[in-house]
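For reference, the structure discussed in these notes is given below.
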Amino acid sequence: MTPHPSPAGAAERGFVIVGVVMMVLALTILGLSLFSLSSYEAAFLRGSLDRQHAFDAAQSGIERAKFQIGASGRLEAAAAGLPLDHVIGAVAAQKQGPDTVTSGPVAWGGDDVRITVTASVNGTVRVVEGRFRPNGEQSYYRRLVTTRESIVVDPGTVAVPRCGTVRLEGGVWTNGTDFSWQACIVPPAYQPIATTPEVPIPDVAGFIATAGAGTTHPVVRVPVPAPPATPTSVRYELHGPANEVRYYTLPGGHNPVGSAFTVDEPLGSPVISVQGIAVWLLPRGAWFFSPVTVVGGPNDALVIVAGRSGDAVRGNPDAGLTFLNSMHSPVVPVYLVSDGHVAMENVNLGATTDATLAYASIFARRLMISGRDAASGTRLNLHHAANAPQDGPGGVLERLMQERALPNAAASGGRFALVPGTWRESGD
9 MTPHPSPAGA AERGFVIVGV VMMVLALTIL GLSLFSLSSY EAAFLRGSLD
59 RQHAFDAAQS GIERAKFQIG ASGRLEAAAA GLPLDHVIGA VAAQKQGPDT
109 VTSGPVAWGG DDVRITVTAS VNGTVRVVEG RFRPNGEQSY YRRLVTTRES
159 IVVDPGTVAV PRCGTVRLEG GVWTNGTDFS WQACIVPPAY QPIATTPEVP
209 IPDVAGFIAT AGAGTTHPVV RVPVPAPPAT PTSVRYELHG PANEVRYYTL
259 PGGHNPVGSA FTVDEPLGSP VISVQGIAVW LLPRGAWFFS PVTVVGGPND
309 ALVIVAGRSG DAVRGNPDAG LTFLNSMHSP VVPVYLVSDG HVAMENVNLG
359 ATTDATLAYA SIFARRLMIS GRDAASGTRL NLHHAANAPQ DGPGGVLERL
409 MQERALPNAA ASGGRFALVP GTWRESGD
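Just so you know, we're using this note's numbering here: the sequence shown kicks off at 9 and counts up by one.
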């Protein structure tokens, strides 16, 4: 039998098929490799981004902790409000005596403060730590009185002596050089007195301009009793949500005698009713003829920021806030701030009880105080305890400082300088 040769090119076609299969297989392997590599790179990149994000959050947490501690003066404030923005923990520690403490007041000028902050992003944890030298800067608000000029306490006259009718219990910081007022204060007079560094005049004008450009709310002035009866008193209502800082103005002011003051109140026994944290802006100050009573709860607060009146009628153009017959706030914390004079008198109008500010902070150019006549047996009591809860973590002062809701707030508190070579980073 004659053999028949295979069709031409059959071997070549078989070779081509095998080659195609091998190429497809190679491309498949290459594709899988590239996919695996891209997945690995994506996971690596995601991990790198998480580590960087966690590191950035921890760094921001260090700055936040420094501010919290500086504003409150307490170590445990480092952790206030956490967790927040991926920061899950913060601890500040300082060696005080034989112990290292993580709570309580900062020893300004003492040992370094070690601040450790932990942040977590998608399970990736970074820890940042540093030692900081505490540089105590006097707080304008963490005491009873802060004045640029001298404090004046009216001694009265021989016929009407007034010494011994004013009690000041709290720290005093004044650049004034006249300390004769101490002789008229009911012991214990103060704790303690600081005379340096220089006290600035409160930046009331700048503060009111900035705050007034934002959202403000009207103060409601309610005559008591209501018209058509002839009112004998008045109620000022500054009502907002609990724990919310709100700015208030009195549109058009109230100065029926045509004085230069934003508020010139002749009616008897005014009441200032506060809900929330109320900041009352008075560009030209206020004058109250009768005793003023502040009502509200212990978690509320009243801040009055008053400019100089320029008033020439009563002979003191530097007058900022004048309470001619004192102010009484046994519950609500009160902050009085003025680039002029704050005057709080307690003259005789038949009153038989003390006037008391249970928690007060007065920051002004000058403070002038006058008690009742010594024979009355009543006193004007101004208090600001050294460890007042309002000054601690979560207190009203911390809230006001955080929101810059007080003049010169940014410059009031402690500062920290990083000790070279102490910065540490660790984590996943």
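Where is the CB? At the ideal position from N, CA and C, for every residue including glycine.
Around the beta carbon of residue 217, a 10 Å sphere encloses fewer than 16 other beta carbons of the protein chains shown; the residue is thus reported as exposed. Residue 257: member of the beta strand (DSSP E) spanning 253 to 257, first to last residue.
Between residue 265 and residue 341, the CB-CB gap reaches or exceeds 7 Å. Burial of residue 102 is indicated by the presence of at least 16 other C-beta atoms within 10 angstroms of its C-beta. Put simply, the stretch 398 to 417 does not touch the stretch 177 to 187. Fewer than three CB pairs are less than 8 Å apart.
Residue pairing by DSSP places residue 244 opposite 229, 280 in a beta bridge. Beta-bridge partners of residue 99 (DSSP): 124. In this chain, residue 206 is not harboured by any alpha helix (DSSP H), its DSSP state being neither H nor E. Between residue 169 and residue 381, the beta carbon gap of about 7 Å places them in contact (Cβ cut-off 8 Å).
By the neighbour-count criterion, in which a residue is buried when 16 or more other Cβ atoms sit within 10 angstroms of its Cβ, residue 179 is buried. Listed in chain order, the non-local C-beta contacts of residue 259 below 7 Å within the same chain comprise 226, local neighbours out to five positions each way being set aside. Taken atom to atom, the span from the alpha-carbon of residue 386 to that of residue 167 is near 17 Å. Taking residue 407 as the centre and dropping the five residues before and after it, the same chain places the C-beta of 251, 253, 285, 413 closer than 8 Å to its C-beta, in chain order. In the three-state reduction of the DSSP assignment, residue 79 falls in the helix class. Closest in C-alpha terms to residue 123, from the list 147, 129, 108, comes 108. Taken in chain order, the whole beta strand (DSSP E) runs of length 3 or more contained in the stretch 321 to 355 are 327 to 331, 342 to 353. Contact check for residue 224 against residue 371 fails: the beta carbons are separated by 7 Å or more. Residue 151 is not bridged by DSSP to any residue. If you look at residue 311, you'll find it in the beta strand (DSSP E) that goes 309 to 314. DSSP, read as helix, strand or coil, puts residue 249 in coil.
Going by beta carbons, residue 269 and residue 300 fall outside the 7 Å limit.
Counting of Cβ neighbours within 10 angstroms places residue 114 among the buried residues, the total reaching 16 or more. Per DSSP, residue 84 is not a residue of any alpha helix (DSSP H), being assigned neither H nor E. About 20 Å separates the beta carbon of residue 315 from that of residue 278, a gap too long to meet the 8 Å contact definition.
Here residue 415 is buried: its Cβ has 16 or more other Cβ atoms, across all protein chains shown, within 10 Å. Put simply, the stretch 133 to 150 does not touch the stretch 361 to 368. Fewer than three CB pairs are less than 8 Å apart.
Looking from the CA of residue 68, the closest CA among 125, 89, 411, 257 belongs to 125.
Here residue 317 is not near residue 329, since their CB atoms are 7 Å or more apart. In the same chain as residue 61, and ignoring 5 residues on each side of it, the C-beta atoms closer than 6 Å to its own belong to 129, in chain order. Boundaries of the alpha helix (DSSP H) harbouring residue 220: 212 to 220, taken from the DSSP string.
In the DSSP assignment, residue 134 falls within the beta strand (DSSP E) that extends over 132 to 143. The bridge partners DSSP lists for residue 435 are 134. In the three-state reduction of the DSSP assignment, residue 428 falls in the coil class. For residue 407, the uninterrupted alpha helix (DSSP H) segment begins and ends at 404 to 410. For residue 301, the enclosing beta strand (DSSP E) stretches over residues 300 to 303.
Sorting 243, 288, 282, 246 by C-alpha distance to the C-alpha of residue 219 places 288 at the top.
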